[in-house]
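Going by this note's numbering, 274 is the number at position 113 of the sequence shown; the sequence numbering is gapless.
The beta carbon of each residue, even a glycine, is placed where N, CA and C say it ideally should be.
A quick note: this is a predicted structure, and the numbers were derived from the prediction, not measured.
The next block holds one structure in the form of structure tokens; read it before the comments.
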Amino acid sequence: MNNFSKYQGIIPAFYACYDENGAISPAGVQALTEYFIRKGVQGVYVGGSSGECIYQSVDERKLVLEQVMAVARGKLTVIAHVACNNTADSQVLAAHAQAQGVDAIAAIPPIYFHLPEHAIAAYWNAISQAAPDTDFIIYNIPQLAGVSLTTALLKEMQKNPRVIGVKNSSMPVQDIQMFRDEGAIVFNGPDEQLLSGLAAGAIGGIGGTYGVMPELYQKIRTLFLEGSMEQARQIQNECCRIIYQMCSAQGNLYAVMKGILRRLGGPDCGGVRLPLPPLTQADQAVVEESAAMIAAAISKYC
Numbered sequence: 162m163n164n165f166s167k168y169q170g171i172i173p174a175f176y177a178c179y180d181e182n183g184a185i186s187p188a189g190v191q192a193l194t195e196y197f198i199r200k201g202v203q204g205v206y207v208g209g210s211s212g213e214c215i216y217q218s219v220d221e222r223k224l225v226l227e228q229v230m231a232v233a234r235g236k237l238t239v240i241a242h243v244a245c246n247n248t249a250d251s252q253v254l255a256a257h258a259q260a261q262g263v264d265a266i267a268a269i270p271p272i273y274f275h276l277p278e279h280a281i282a283a284y285w286n287a288i289s290q291a292a293p294d295t296d297f298i299i300y301n302i303p304q305l306a307g308v309s310l311t312t313a314l315l316k317e318m319q320k321n322p323r324v325i326g327v328k329n330s331s332m333p334v335q336d337i338q339m340f341r342d343e344g345a346i347v348f349n350g351p352d353e354q355l356l357s358g359l360a361a362g363a364i365g366g367i368g369g370t371y372g373v374m375p376e377l378y379q380k381i382r383t384l385f386l387e388g389s390m391e392q393a394r395q396i397q398n399e400c401c402r403i404i405y406q407m408c409s410a411q412g413n414l415y416a417v418m419k420g421i422l423r424r425l426g427g428p429d430c431g432g433v434r435l436p437l438p439p440l441t442q443a444d445q446a447v448v449e450e451s452a453a454m455i456a457a458a459i460s461k462y463c
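Following this line, the structure appears as structure tokens:
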């Protein structure tokens, strides 16, 4: 019997941490993990979009997870995204994640080629077979992967007893309701709609902007559970305004968020890996304004 309580709550998507030469920074990874522990979040989602996974090698992704687990073991729920654009590498990462003792692995569908659903199911099941004692979470992000999870594909995957649910990053909140109706646990993906996702039945949230303002998202969930919907809506609206401000930069959003994290006294995660665009000089104003908005919102609501 699965203990789904360990998945309930706010789970930041872990940022890639680089040194001054652009290599993985083990010290940075550990510092960011410690930061999240201090912030009191439920867990971390390692190696996903925010972790710049598609621009990292298998060995680099192993190193990141090892450094996270060195600090997080027994303190945070850890979900490791292990998908690569080929089955063999994905299986290597899945087996490694299980050996590290993660709570769950997750995977997007293969990208670029639009595969039929039976091939996607075979890919996911092969990954799961490499970590047979570990929960498996489907990552549905059609706007980037180019493939949408359907209820038919979810039903097929649920024949695998390790498949427990979906990290749903599609924009329609209806998808959460549909996947819930099939008996899956669902994590809300789009940060702009955490409150709506919770109302639709999401067990919690996994998000990229959670890392720079976890207090606000935790407050949204607390108010939702208390039934204080109007105040929760106010904070959600403020989070959206902050996200729009962050997205106004020329540099990549992850570069902006790493800058904000430094500005707010968090760990230094370095820059982003090319071809993601780094911050421009003009982006510093966006970073500073976003950080000020976050600090003001935390002071007001938390």
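Threshold first: 3 residues or longer. Then list the beta strand (DSSP E) segments lying entirely within the segment 224 to 252, N to C. 238 to 242
Look up residue 294 in the DSSP assignment and say whether it is helix, strand or coil. In the sequence shown, the residue the question calls residue 294 occupies position 133. It is coil, neither helix nor strand.
For a quick check, are the C-beta atoms of residue 176 and residue 430 less than 9 Å apart? As a working note, residue 176 is residue 15 in the sequence shown. As a working note, residue 430 is residue 269 in the sequence shown. Yes. Within cutoff.
Measure the alpha-carbon distance for residue 380 versus residue 171 and round it to whole angstroms. Taking the first residue of the sequence shown as 1, we reach residue 380 at position 219. Taking the first residue of the sequence shown as 1, we reach residue 171 at position 10. Distance between the alpha carbons of residue 380 and residue 171: 10 Å.
Using the beta-carbon count (16 or more within 10 Å), is residue 165 buried or exposed? For this step, residue 165 is matched to residue 4 along the sequence shown. Exposed.
Do you know offhand how far residue 294's Cα is from residue 272's? Against the sequence shown, residue 294 aligns to sequence position 133. Against the sequence shown, residue 272 aligns to sequence position 111. Residue 294 and residue 272: Cα-Cα distance of roughly 26 Å.
Using DSSP's beta-bridge definition, name the partner residues of residue 348. Along the sequence shown, one-based indexing puts residue 348 at 187. Looking at the DSSP assignment, residue 348 forms a beta bridge with 328, 365.
Could you tell me how far apart the beta carbons of residue 347 and residue 326 are, in whole angstroms, since I believe they sit closer than 8 Å? Translated into positions along the sequence shown, residue 347 becomes position 186. Translated into positions along the sequence shown, residue 326 becomes position 165. Sure, about 6 Å apart at Cβ, within 8 Å.
Assign residue 438 to buried or exposed, taking buried as 16 or more other Cβ atoms, counted over all protein chains shown, within 10 Å of its Cβ. Walking along the sequence shown from the start, residue 438 turns up at place 277. Residue 438 comes out exposed.
Give the single residue among 330, 296, 248, 208 whose Cα lies nearest to the Cα of residue 265. In the sequence shown, the residue the question calls residue 265 occupies position 104. The residue with the shortest Cα to Cα distance from residue 265 is 296.
Got a sec, what are the start and stop residues for the beta strand (DSSP E) residue 266 sits in? Sequence index remark: in the sequence shown, residue 266 carries index 105 (1-based). First-last of the beta strand (DSSP E) with residue 266: 265 to 268.
Residue 173 - DSSP class collapsed to helix/strand/coil: As a position in the sequence shown, residue 173 is number 12, starting the count at 1. Note: residue 173 maps to strand in three-state DSSP.
From the DSSP secondary-structure annotation, give me the bridge partner or partners of residue 301. Taking the sequence shown and counting its residues from 1, one reaches residue 301 at position 140. The partner list for residue 301 (beta bridge, DSSP) reads 329.
Endpoints, alpha helix (DSSP H) assigned at residue 189: Counted from its first residue, the sequence shown places residue 189 at position 28. Note, residue 189: alpha helix (DSSP H), 187 to 200.
For residue 205, name the three-state secondary structure that DSSP assigns. Position 44 of the sequence shown, counted from the start, is the residue given in the question as residue 205. Of the three classes helix, strand and coil, the one that applies to residue 205 here is strand, per DSSP.
When the Cα atoms are used, what is the spatial distance from residue 360 to residue 247? Working through the sequence shown from its first residue, we reach residue 360 at position 199. Working through the sequence shown from its first residue, we reach residue 247 at position 86. When rounded, the distance between both Cα atoms is 36 Å.
Would you kindly work out how many angstroms separate the C-alpha atoms of residue 458 and residue 217, rounded to a whole number? In the sequence shown, counting from the first residue as 1, residue 458 sits at position 297. In the sequence shown, counting from the first residue as 1, residue 217 sits at position 56. One C-alpha to the other measures close to 34 Å.
Under the three-state DSSP convention, the category residue 273 falls into: In the sequence shown, counting from the first residue as 1, residue 273 sits at position 112. Of the three classes helix, strand and coil, the one that applies to residue 273 here is coil, per DSSP.
Go ahead and label residue 344 buried or exposed: buried means 16 or more other beta carbons lie within 10 angstroms of its beta carbon, across all protein chains shown. One-based indexing of the sequence shown puts residue 344 at position 183. So residue 344 ends up on the exposed side.
Proximal residues to residue 409 (C-beta, below 8 Å), its chain only, five neighbours per side dropped: As a first step, residue 409 must be located in the sequence shown, where it is residue number 248. These residues qualify, in order along the chain: 447.
Within the same chain, show all residues whose beta-carbon is closer than 8 Å to that of residue 441, passing over the 5 residues directly before and after it, in chain order. Reading the sequence shown from its first residue, position 280 is the one you call residue 441. Closer than 8 Å at the Cβ level, and outside the excluded window around residue 441, lie 410, 411, 412.
Relative to the C-alpha of residue 197, which candidate in 435, 289, 364, 174 has its C-alpha closest? Taking the sequence shown and counting its residues from 1, one reaches residue 197 at position 36. Cα-wise, what sits closest to residue 197 is 174.
Whole-number beta carbon distance between residue 219 and residue 245, since they are thought to touch under 8 Å: Taking the first residue of the sequence shown as 1, we reach residue 245 at position 84. Taking the first residue of the sequence shown as 1, we reach residue 219 at position 58. Residue 245 to residue 219, Cβ: 7 Å. Contact.
Between the segment 277 to 285 and the segment 309 to 327, can you find at least three pairs of beta-carbon atoms closer than 8 Å? yes
Validate contact between the segment 412 to 427 and the segment 370 to 379 using beta carbons, cut 8 Å, 3 pairs: yes
Does the separation of the CB atoms of residue 225 and residue 208 fall below 9 Å? In the sequence shown, the residue the question calls residue 225 occupies position 64. In the sequence shown, the residue the question calls residue 208 occupies position 47. Yes, the pair counts as a contact, with Cβ atoms nearer than the cut-off.
Short Cβ contact (9 Å threshold) for residue 363 with residue 341: Residue 363 sits at position 202 when you count from the first residue of the sequence shown. Residue 341 sits at position 180 when you count from the first residue of the sequence shown. Result yes, Cβ atoms of residue 363 and residue 341 sit closer than 9 Å.
Cβ neighbours of residue 263 in the same chain (closer than 6 Å, five flanking residues each side left out): Along the sequence shown, read from residue 1 onward, the residue named residue 263 stands at position 102. The residues are 239, 241.
For residue 320, I'd like the list of residues in its chain whose CB is within less than 7 Å of its CB, leaving aside the five on either flank, ordered along the chain. For this step, residue 320 is matched to residue 159 along the sequence shown. Here the set comprises nothing.
Assuming contact is defined by CB atoms lying nearer than 9 Å, are residue 214 and residue 428 in contact in what I supplied? The residue labelled residue 214 in the question sits at position 53 within the sequence shown. The residue labelled residue 428 in the question sits at position 267 within the sequence shown. No, Cβ-Cβ distance for residue 214 and residue 428 is not below 9 Å.
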